[in-house]
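Colleague: I have a structure I would like to understand better, so I am pasting it below and will then ask my questions one at a time.
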Amino acid sequence: MRERGSPLFRRHRPSWRAPVELLSFGLYFLCAVLLVLSRIGHGVIADTRDGLVDLTAPLLEAASFPAIEARRAMERVQSYVAAFDEVDRLKMENEELKQWEWRTKLLERKVAHLRALLNAVEEPGLVFATGRVIADARGPFVRSALINLGRQDGLRIGYAVINGDGLVGRTVDAGGAVARVLLLNDLNSRIPVLVGPAGVRGLASGDNSTELQLDFLPDGATLYAGDEVYTSGSDGVLPRGLRVGVVTGTQGAFKVRPYAELNSLDTVSVLFFDAPALTRADPPAKGSVGALSAVPHVDRTATTASASLPMPTVIKHAGAASGISAGGGQAQAER
Amino acid sequence: MTKFLPALSVLFAVVATAVPWGLPADATFILPLVMVMMVFCWRAIPGAALPPAGATALGLLADLMSGGPLGYWALMSLTAATVGGRAGSLGEGRDLGFHWLIWIALVSALACFGWLLASLYYFRWIDWWPIAFGALASIALFPVVLHGLLWIRHGRLGPERSAIFRGGS
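Below, the structure is given as structure tokens:
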């Protein structure tokens with residue numbers, strides 16, 4: 151028998167009076183309006199959003215710290231378990247890489263000699279900054295990540311974002327101290343690419359899954375699973391030659407598996423590549439300096455570039471993260 | 016402080032949705048739906064106060080942090096709050112099974128609606144599997160989350176929990 155006298159079972163009569171109903175209706179209407187404004191990309195919404203994301207960034211950064219540390223601890227445990235196999239594998243890989251090193255040096259000398267013969271113009275080096283992923287955005291709409299670098303660090307909308315494995319995405323929103331990176335596999339991501347040794351042109355499009363679609367290949371293009379995919383730079387936004395992934399699938403249904411593990415990003419580098427299209431779309435603020443023309447204004451621990459980069463390179467080691475940062479970023483920048 | 020427990024716990028869930036856990040691509044929908052489920056559960060727990068406006072604000076915060084269109088999770092949270100409020104509280108003779116059934120119906124409707132809304136937003140059919148997987152996971156997690164929220168509400172599960180889970184029997 152139920153105890154009707156217990157406060158737990160006291161009937162809470164909902165009062166569906168007109169003002170409450172009106173408020174509910176108003177809230178539904180507000181949501182609908184926000185959705186529409188968000189769809190058309192209203193400037194006020196975007197500005198407000200940037201400001202609010204800046205405000206919530208410290209909270210997110212603090213909240214993500216234990217999660218990132220826990221993930222690293224798990225990875226460490228896994229690596230300890232597989233340590234002996236890993237050492238054997240690395241020894242073999244090291245032997246192979248020594249051969250590659252020798253061949254690369256030979257090729258570098260050849261390229262330098264040929265460039266000298268051609269009197270080729272030196273390409274400018276890429277400036278980049280390294281930061282940490284502080285939030286992960288998932289859902290039916292977006293595959294994006296929030297990083298702890300913003301306009302204060304010289305970052306602008308449209309810059310390529312890489313990690314040690316390859317291209318990760320590009321910046322789509324930039325606040326003062328944080329920026330949002332649209333990942334390669336997002337539904338809105340379109341990257342013009344070159345495929346394989348023949349440099350077949352195509353478009354790598356995200357569809358929110360782990361692999362990218364490879365569209366707009368020329369008729370009769372011959373591709374093979376395992377072919378390298380890298381950026382073509384023909385969009386005038388991303389630099390040419392950034393590693394994207396490898397071709398998978400079969401003829402007629404080719405896909406690209408990104409090198410970067412997009413589900414568990416940790417440390418990423420932003421390449422300050424100021425293409426003309428990008429400068430028009432997001433002009434630099436007054437008083438700021440172009441990334442390729444000079445080192446961006448940064449008030450932080452900065453180290454100048456290693457000798458292999460032709461121009462000074464800024465490296466921001468944000469927080470306690472180390473990871474790939476300089477090495478991986480430099481390798482990509484040099485490419 | 017007790018008055019703000021529902022909002023604070025949902026706020027915690029909202030922040031958790033944005034933390035980089037490194038979850039696989041198929042599991043991306045689980046945490047946001049758990050947040051929506053918490054809104055539904057708080058509306059069903061007797062004495063707990065989470066007004067629809069509060070649920071909408073928390074949903075907007077989730078939208079903001081996720082970088083998705085503003086209003087999407089707010090709409091989901093508001094719908095869960097409305098349905099949760101109308102379903103009657105757990106103390107009114109409704110038991111866990113009854114609310115579980117309502118959640119199954121609600122999350123199925125929300126998943127379909129969410130998928131259609133996302134497809135409409137992009138003018139292309141969105142992959143439905145992550146949404147379906149998230150909805151199934153939230154159905155499986157419902158008793159666990161409800162137990163957790165009751166524990167947060169009362170500090171213990173004790174006799175009230177047993178009364179609630181006996182329900183109308």
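Going down the list, the sequences are from chains A and B. Add 150 to the 1-based position in the first sequence for this note's numbering, that's all there is to it. Add 15 to the 1-based position in the second sequence for this note's numbering, that's all there is to it. By construction, the Cβ of each residue, glycine as well, lies at the ideal position given by its N, Cα and C atoms.
(1) In whole angstroms, what is the alpha-carbon distance linking Thr463 of chain A and Leu173 of chain A?
(2) Answer yes or no: does any C-beta atom of chain B fall closer than 7 Å to that of Ala196 of chain A?
(3) Give the straight-line distance between the Cα atoms of Ala31 of chain B and Val331 of chain A, rounded to the nearest whole angstrom.
(4) Grouping DSSP H, G and I as helix and E and B as strand, with all else coil, what is Gln363 of chain A?
(5) Quick one: grab the DSSP three-state call for Thr381 of chain A.
(6) Which stretch, first to last residue, makes up the alpha helix (DSSP H) that contains Ala223 of chain A?
(7) Using the rule of at least 16 other Cβ atoms within 10 Å of the residue's Cβ for burial, across every protein chain shown, is Ala133 of chain B buried or exposed?
(8) Classify Asp377 of chain A as buried or exposed, calling it buried when 16 or more other Cβ atoms lie within 10 Å of its own Cβ.
(9) Using a threshold of 6 Å, is the CB atom of Val271 of chain A nearer than that to any non-hydrogen atom of the ligand MG?
(10) Can you check whether the C-beta of Pro174 of chain B is within less than 7 Å of a C-beta belonging to chain A?
(11) Work out the CA separation of Ser188 of chain A and Phe423 of chain A for me, nearest whole Å.
(12) In whole angstroms, give me the CA-to-CA distance for Asp344 of chain A and Ala59 of chain B.
(13) Which whole-angstrom value is the C-beta distance of Phe148 of chain B and Ala42 of chain B, which I expect to be below 8 Å?
(14) Please confirm if Val122 of chain B has its CB atom under 7 Å from at least one CB of chain A.
(15) Cutting at 7 Å between CB atoms, please list the residues of its own chain near Gly300 of chain A, excluding the five before and the five after it.
(16) Pull the bridge partners of Pro389 of chain A from the DSSP assignment, please.
(17) What in chain B is Cβ-close to Ser214 of chain A, meaning under 7 Å?
(18) Under 9 Å Cβ-Cβ, which residues of chain B neighbour Val203 of chain A?
(19) By a C-beta neighbour count over all protein chains shown, 10 Å radius and 16 as the cutoff for buried, is Gly201 of chain A buried or exposed?
(20) Taking CB distances under 7 Å as the criterion, tell me whether Phe286 of chain A reaches chain B.
(21) Give me the residue from B:Ala28, B:Phe55 and B:Ala102 with the minimum Cα distance to Asp78 of chain B.
(22) Which residues in chain A sit within 8 Å of Gly86 of chain B, going by Cβ to Cβ distance?
(23) Quick check: the Cα distance between Lys436 of chain A and Tyr136 of chain B, rounded to an integer number of angstroms?
(24) So, with DSSP's three-state summary, where would you put Phe55 of chain B?
(25) Given 8 Å as the limit, is there contact between the stretch 79 to 97 of chain B and the stretch 35 to 55 of chain B, that is, 3 or more CB pairs closer than that?
(26) With Gly330 of chain A as the anchor, note down where its beta strand (DSSP E) starts and where it stops.
(27) With 7 Å set as the bound, which would you pick, yes or no: does the beta-carbon of Leu93 of chain B sit closer than that to a beta-carbon of chain A?
(28) Report yes or no: do three or more beta-carbon pairs, one from the stretch 196 to 211 of chain A and one from the stretch 274 to 287 of chain A, lie closer than 8 Å?
Modeller: According to the data block:
(1) With a pLDDT of 36 at Thr463 of chain A, under the threshold of 50, the predicted position of this residue should be treated as unreliable, and no value is reported.
(2) For Ala196 of chain A, the answer is no, since every Cβ of chain B falls outside 7 Å of its Cβ.
(3) 19 Å
(4) strand
(5) strand
(6) Gly193 to Val231
(7) buried
(8) buried
(9) The ligand MG is not among the ligands present in this structure, which contains no ligands whatsoever.
(10) A caution first: Pro174 of chain B carries a pLDDT of 49, below 50, which makes its placement in the model too unreliable to give a value.
(11) 28 Å
(12) Going by the sequence as given, residue 344 of chain A is Leu instead of Asp. A straight-line Cα-Cα distance of about 56 Å links Leu344 of chain A and Ala59 of chain B.
(13) The C-beta distance from Phe148 of chain B to Ala42 of chain B rounds to 7 Å, short enough to meet the 8 Å contact threshold.
(14) Closer than 7 Å: no.
(15) Ala324, Gly325, Gly326, Ala327, Val328 and Ala329
(16) Looking at the DSSP assignment, Pro389 of chain A forms no beta bridge with any residue, so it has no partner.
(17) Listed by position along chain B, the residues whose Cβ is nearer than 7 Å to that of Ser214 of chain A are Val34 and Pro35.
(18) Leu79, Met80 and Gly82
(19) exposed
(20) One point to set straight first is that residue 286 of chain A is Asp, not Phe, in the sequence displayed. By this cut-off, Asp286 of chain A is an interface position.
(21) B:Ala28
(22) Leu180, Cys181, Ala182, Val183, Leu184, Leu185 and Ser188
(23) Low local confidence applies: a pLDDT of 49 at Lys436 of chain A is under 50, so the model's placement there is unreliable, with the coordinate-based value given in what follows. Straight-line Cα distance between these residues: approximately 36 Å.
(24) The DSSP-derived three-state label of Phe55 of chain B is helix.
(25) yes
(26) Correcting the residue identity first, residue 330 of chain A is Arg in this sequence and not Gly. Segment Ala329 to Leu333, the beta strand (DSSP E) holding Arg330 of chain A.
(27) yes
(28) yes
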